[in-house]
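What follows is one structure encoded as structure tokens, with my remarks underneath.
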Amino acid sequence: MIPGIGLNEVLIVSTLLFFIGVYGFITRTNLISMLISVELCLNAAVLNFVFINKYLYPDKPEGVMYALFIIAVAAAETALVVAIIVNLYKKINSVEVHDMDTLKY
Amino acid sequence: MEAVLFYIISAIILGTGMAAVASRHMMRSVIFLLFALLALAGLYFLVDFNFLGAVQLTVYAGGIVVLIIFSVLLIHHIESKLSEASKSRKWMSALLSLGGAIAFIYVIIQNVFPAYAESTTTTTKTVGEKLLDYGEGGFILPFEVISILLLASMIGAIVIAKGEPKQTIKANEE
């Protein structure tokens with residue numbers, strides 16, 4: 086643990102980071118910007134896992150393991166999303182949300 | 424000393440995160456995301472999770488951000504600015520997010536969490552042993568599932584990004 090810092094401060098930081106991501110997800114209309122916002126939300130979750138593990142159960146490794154799995158899933162998700170965005174741009178020449186009205190391949 | 428470092432790093436995370444969702448240049452917003460991820464890795468190093476910090480640096484800062492930059496360069500015209508949401512929509516979503524954050528923080532500060540001053544930490548050795556442990560509390564099943572997920576997403580990304588071959592497109596048009 087960090088001397089002088091309680092768990093409350095860390096949780097407040099991760100809450101703020103999560104809601105910054107939510108704000109970006111609502112206001113942005115570009116697919117890549119929305120992906121960036123989702124990354125911020127995921128990172129807030131990882132921060133929670135890591136610090137709760139460190140402060141409340143310092144002798145157990147579960148929080149770190151889950152953080153590693155979240156990072157792996159985020160990497161897979163980003164690869165797929167980027168592939169979808171590139172393919173969409175090839176098809177309809179735009180990555181704005183308003184232009185997306187078809188799901189048919 | 425560590426407390427001051429924590430506050431500095433948290434300020435960097437929140438500031439660059441806000442800049443990432445507010446900047447109107449796409450490339451700048453990706454670079455701000457990169458700095459937020461780097462600062463998060465700094466927090467992990469601060470609590471002695473060295474392996475996790477290294478994974479954050481390599482996978483997030485080295486892999487994901489490069490992938491996003493790659494797609495930005497492929498898709499976005501670098502001089503053009505992002506379209507902005509309308510004022511009312513911006514205010515409404517800011518108010519909603521702020522309300523949610525205040526509700527969360529209100530709940531958090533009502534709880535007092537115990538803090539154990541033990542200096543034990545999760546070493547890389549423990550992480551490796553847990554990942555391949557098939558006994559109680561082992562993580563071999565999620566480990567294998569993650570490896571299959573990564574393989575599937577790799578194949579899926581290749582198939583999706585490749586698109587249809589040229590002949591079939593022509594056949595469809597005819």
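Sequence order for the protein chains is A and B.
Every number in this note's numbering is 85 more than the matching position in the first sequence, counting from 1.
Every number in this note's numbering is 423 more than the matching position in the second sequence, counting from 1.
Each residue gets a CB set at the ideal place from its N, CA and C atoms; glycine is no exception.
Note that the coordinates shown come from a computational prediction; the quantities given were computed from them, not determined experimentally.
Check your understanding: If you check the beta carbons only, do A:Val95 and A:Phe134 fall under 7 Å apart?
Key -> no
**Study point:** B:His500 burial status per 10 Å Cβ neighbour count (16 or more: buried)
**Key:** exposed
Check your understanding: To the nearest angstrom, how far is it from the Cα of B:Leu521 to the Cα of B:Phe536?
Key -> 24 Å
Review point. Where do the ends of the alpha helix (DSSP H) carrying B:Tyr483 lie?
Key: From DSSP, B:Tyr483 is part of no alpha helix (DSSP H); its letter is neither H nor E.
Practice item. Note down, one range per segment and in chain order, each alpha helix (DSSP H) of at least 4 residues found wholly within the segment 517-559 of chain B. Key: 547-554
Review point. Are the CB atoms of B:Leu457 and B:Ala484 nearer to each other than 7 Å?
Key: yes
**Study point:** Within chain A, the residues that B:Lys553 reaches when beta carbons sit closer than 8 Å
**Key:** Pro146, Met150
Exercise for review: Note down, in chain order, each residue of its chain lying with its Cβ closer than 8 Å to the Cβ of A:Val51, except the 5 sequence neighbours on either side.
Suggested key: In the structure as shown, chain A starts at 86 and stops at 190, and residue 51 of chain A therefore has no counterpart that could be examined.
Practice item. Starting from A:Val167, trace the alpha helix (DSSP H) both ways and give me its first and last residue. Key: 147-177
Point to revise | DSSP state of B:Glu507 mapped onto helix, strand, coil | key: coil
Exercise for review: Measure the Cβ-Cβ separation of A:Ile90 and B:Phe474 and say whether it is below 7 Å.
Suggested key: no
Exercise for review: Using 6 Å as the cut-off, classify the Cβ of B:Leu555 as near or not near the heavy atoms of the ligand ADP, replying yes or no.
Suggested key: Absence of the ligand ADP from the depicted structure is noted, as is the absence of any ligand whatsoever, leaving it without description.
Practice item. With a threshold of 16 other CB atoms inside 10 Å of the CB of A:Pro88, please say whether the residue is buried or exposed. Key: exposed
Exercise for review: May I have the straight-line CA-CA distance separating B:Leu496 from B:Lys504, to the nearest angstrom?
Suggested key: 14 Å
Exercise for review: With distances taken Cα to Cα, identify the nearest neighbour of B:Leu461 among B:Asp471, B:Ile532, B:Ile432, B:His448.
Suggested key: B:Ile432
Exercise for review: Would you please verify whether the beta carbon of B:Leu573 is less than 7 Å from any beta carbon of chain A?
Suggested key: yes
Exercise for review: Identify, in the order they occur along the chain, each residue of the same chain with its Cβ nearer than 8 Å to the Cβ of A:Ala129, setting aside the five sequence neighbours on each side.
Suggested key: Ser99, Thr100, Leu102, Phe103, Gly106
Check your understanding: Using a Cβ-Cβ cut-off of 6 Å (strictly less than) and excluding sequence neighbours within five positions of A:Ala191, which residues of its own chain qualify?
Key -> The structure shown has nothing for residue 191 of chain A, since chain A only spans 86 to 190.
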